[in-house]
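Working notes for the structure below.
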Ligand code: 26Q
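Residue numbers (this note's numbering): 4 to 821.
Below, the structure written as structure tokens:
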């Protein structure tokens with residue numbers, strides 16, 4: 004970085020601050036600098052953004068629309084600077100004017116428009132699409148409140164609203180003139196047209212405006228800027244309607260306006276057990292109707308020919324079943340507005356929509372009461388009904404062997420609309436998100452559908468953007484990698500494999516060790532600032548960060564901690580490698596047991612952290628409000644990545660990939676993408692343990708295993724469970740009877756006790772391995788080297804070539820005349 008460059012940039016920042024904040028650079032606050040830099044980035048992006056959409060439009064290229072109820076984008080300034088090639092110069096400039104870059108970037112509110120894996124995946128996909136020059140856009144909802152903010156008070160989770168828009172959000176542009184009307188409820192009237200075809204008219208509907216807010220998605224050092232379009236619900240009522248109406252109607256109007264704005268009011272927290280809330284269904288239809296109307300209007304405006312050609316120009320990927328109403332909505336628009344007959348409309352729809360499944364948990368599958376759908380979306384219900392009738396009729400006549408399972412396949416059955424079934428029947432591709440997950444879908448969960456449509460099912464193992472999750476958050480490691488293998492890996496993450504040549508190079512390993520230590524030191528400081536807990540930077544940083552759910556088994560992790568604590572209490576001179584257990588997890592507000600586990604982690608923490616017998620050998624840290632920004636701080640410092648879900652339950656996992664890429668070693672079950680990580684690195688570079696998916700599924704077939712047997716025979720387990728039941732943790736009357744009962748009286752549905760012994764054993768191997776620095780670092784580097792496969796660039800390439808049939812469309816650089 005030349006000084007010249009940096010000084011020019013400082014000039015730019017100070018000019019910006021003058022115009023935007025009306026201050027000189029000397030008067031500027033940290034926030035002024037943030038606002039100024041963000042505005043500079045917007046200036047840089049503007050032309051590229053316009054040129055990108057012009058190019059797609061003029062060249063009539065095929066485009067993908069990624070429909071998702073969630074986009075967990077996190078902060079955007081630093082990643083936009085990185086992708087725009089401005090990060091280094093900005094960092095230098097900010098430092099030179101006396102500010103700390105990280106603190107400046109932290110002024111951006113972390114956009115939490117997602118729950119976890121599924122929402123973050125959508126954000127990573129957008130980054131890869133733009134970076135690989137693919138014409139692809141996101142469509143989502145501009146929730147006024149993102150996922151709740153978590154506070155911990157006396158070990159209890161408290162939820163606070165996340166009003167992320169309270170300060171100006173610099174990345175969005177409102178496009179009022181591109182709004183659409185969305186209809187709910189009302190009556191459907193049928194008329195015969197002169198040509199004999201049927202016409203449907205809707206009357207007395209509730210109308211809502213969907214107003215788009217666009218966010219630019221900046222490609223990495225290219226000219227592409229794609230769009231994330233988030234819809235906001237607004238009332239159609241204007242001020243003058245208040246005037247003309249009677250006074251007594253005033254509050255009625257306000258009330259109405261308020262209920263409409265509720266549609267994009269807040270993001271529903273995922274408790275992985277499905278609950279049919281009408282407002283959620285409204286949100287889903289709102290997203291889908293606005294997005295499909297937008298897609299069709301673009302198509303027509305660009306004169307791409309008759310809509311029968313739609314599948315050659317557009318592909319719509321639906322992120323889980325949440326946007327699966329896209330299927331009947333596209334049918335509705337094609338038939339009612341464009342006057343296509345059923346068969347043509349069905350062909351178009353079926354060739355345009357593709358569906359990604361993210362779960363096999365049966366309790367999480369979406370189902371809506373048919374009466375609710377019928378009342379809220381009468382025309383949509385008619386169409387779903389027709390899809391169902393035609394599908395079931397086809398089954399009856401063409402597949403006599405399936406006649407007795409029709410109730411399990413029917414889209415409408417037992418008074419409910421089964422969204423996964425609708426999604427499979429209405430789309431041309433159904434994909435799982437890791438190899439094992441897809442196999443389970445094909446062989447178990449969706450077996451009959453797989454028999455019917457074998458060609459539809461395919462796997463697309465998840466990925467993460469290595470730009471954010473390595474290049475941006477771990478500058479030290481990235482620099483080191485580039486020093487030995489050059490910069491190619493940044494564009495071609497698979498080239499990280501070249502690191503294998505250095506995996507036994509002691510000078511290199513030493514540098515890797517230093518970087519990790521540095522990252523751990525920074526995290527240790529952060530932990531101290533936030534919690535007052537002093538952790539040993541030489542201890543093993545053992546990390547489990549993810550939503551709290553029984554199947555993810557944070558409980559197994561904390562049982563391990565209690566076990567070690569008991570061991571140390573029995574024998575205080577025990578020579579163990581010091582460990583720091585780090586947790587981050589939000590529990591769904593209504594998920595009682597999950598909240599109990601949070602309380603347990605805190606109780607164990609307060610016991611362990613201050614016990615003189617433990618002498619700092621164990622520390623337990625729970626970092627509150629786990630979100631994208633917190634993940635960015637923790638992941639570069641992780642030594643151990645805990646991926647310990649009950650086998651068969653975690654569709655893929657993506658935190659496993661993020662930590663692997665940052666040199667952490669995985670302690671994991673044979674579940675989700677862990678298996679693919681193991682296949683790459685080999686057994687000697689990963690710590691796998693526990694039941695396999697086949698074993699778990701076999702147990703379930705026979706009603707589970709006997710948890711009490713383990714309680715009776717394993718005294719370590721008995722001791723822990725009794726401690727939960729009797730409340731020995733601390734002097735408080737804190738006890739954890741609900742957890743105790745769930746395990747012993749509900750027969751340990753997630754096999755915590757069954758996997759306890761192998762888990763303890765594997766951790767003993769971890770401890771031994773950690774003591775041998777060279778071998779450990781070799782494992783760590785081996786993991787980094789193989790992590791390139793888990794770049795979402797690879798995932799997106801696979802979607803693009805196998806499902807979407809999409810071409811890369813590089814955007815030309817602006818010429819001087821333009
Ligand atoms: C449904 C109905 C009502 C309210 C909320 C929801 C809801 C919201 C979000 C249901 C599920 C989700 C999110 C699911 C999710 O994140 N699944 C994860 O997806 C990742 C990306 O594919 C996988 O890596 C994880 O294994 C999977 O658990």
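Ideal placement from N, C-alpha and C gives every residue a C-beta, glycine not left out.
When the Cα atoms are used, residue 265 and residue 406 turn out to be separated by approximately 43 Å. With fewer than 16 other beta carbons inside 10 angstroms of its own, residue 188 counts as exposed. Annotated as proximal: residue 328 and residue 291, with beta-carbon spacing under 8 Å.
Beta-bridge pairing by DSSP links residue 421 to 370. Nearest in C-alpha terms to residue 39, of all of 104, 409, 130, 72, is 104. Taking a C-beta distance under 8 Å as the contact criterion, residue 432 and residue 459 qualify as a contact pair. Check the Cα spacing between residue 520 and each of 479, 71, 219, 509: the tightest is with 479. In the DSSP assignment, residue 153 is bridged to 162. In the DSSP assignment, residue 529 falls outside any beta strand (DSSP E) and lies within the alpha helix (DSSP H) extending over 509-534.
For residue 580, the secondary structure class from DSSP, reduced to helix, strand or coil, is coil. No Cβ-Cβ contact shorter than 8 Å links residue 672 with residue 644. Excluding its 5 nearest sequence neighbours in each direction, residue 23 has C-beta neighbours in its own chain below 7 Å: 38, 39, 42, listed in chain order. A direct Cα-Cα distance of roughly 41 Å separates residue 476 from residue 740.
A straight-line Cα-Cα distance of about 28 Å links residue 88 and residue 119.
Between the C-alpha atoms of residue 330 and residue 302 there is a straight-line separation of about 17 Å. Under the 10 Å beta carbon count, residue 625 is surrounded by 16 or more other beta carbons and is classified as buried.
Residue nearest to residue 355 within the set 807, 691, 727, 817 is 807 (criterion: CA-CA distance).
Per the coordinates, the alpha-carbon of residue 595 lies some 15 Å from the alpha-carbon of residue 556. A Cβ-Cβ contact shorter than 8 Å links residue 506 with residue 785.
When distances are taken from the beta-carbon of residue 675 to the heavy atoms of the ligand 26Q, the shortest one is below 7 Å.
Counting only unbroken stretches of 3 or more residues, the beta strand (DSSP E) elements lying wholly within the region 199-279 are 201-206, 209-221, 228-237, in sequence order. Cβ atoms of residue 755 and residue 746 come within 8 Å of each other, at about 6 Å. Judged by their CB atoms, residue 429 and residue 462 are not nearer to each other than the 8 Å cut-off. Contact check for residue 360 and residue 423: beta-carbon distance about 7 Å, within the 8 Å limit, so the pair qualifies. With respect to residue 727, residue 714 sits apart: the two C-beta atoms are not nearer than 8 Å.
Across the set 15, 392, 600, 66, the C-alpha of 66 shows the shortest separation from the C-alpha of residue 320. Judged by the Cβ position, residue 656 qualifies as a neighbour of the ligand 26Q at the 7 Å threshold, a heavy atom of the ligand being closer than this.
Under the criterion of beta carbons closer than 8 Å, residue 692 and residue 758 qualify as touching, at roughly 7 Å. Between the region 226-243 and the region 259-273, the count of Cβ pairs shorter than 8 Å is three or higher; the stretches touch.
Under the DSSP assignment, residue 170 falls outside any beta strand (DSSP E); it carries neither an H nor an E label. Counting only residues of its own chain and dropping the five nearest sequence neighbours on each side, residue 665 has a CB closer than 6 Å to the CB of 477, 638, 639.
By the 16-neighbour rule on beta-carbons within 10 angstroms, residue 690 is buried. DSSP, reduced to helix, strand and coil, places residue 355 within a helical segment of the structure shown. Sequence-distant Cβ neighbours of residue 339 in its own chain, meaning closer than 6 Å and more than five residues away, are 203. Sequence-distant Cβ neighbours of residue 496 in its own chain, meaning closer than 7 Å and more than five residues away, are 469, 791, 794, 796. Selection 629, 533, 175, 772 evaluated against residue 153 yields 629 as nearest (Cα-Cα).
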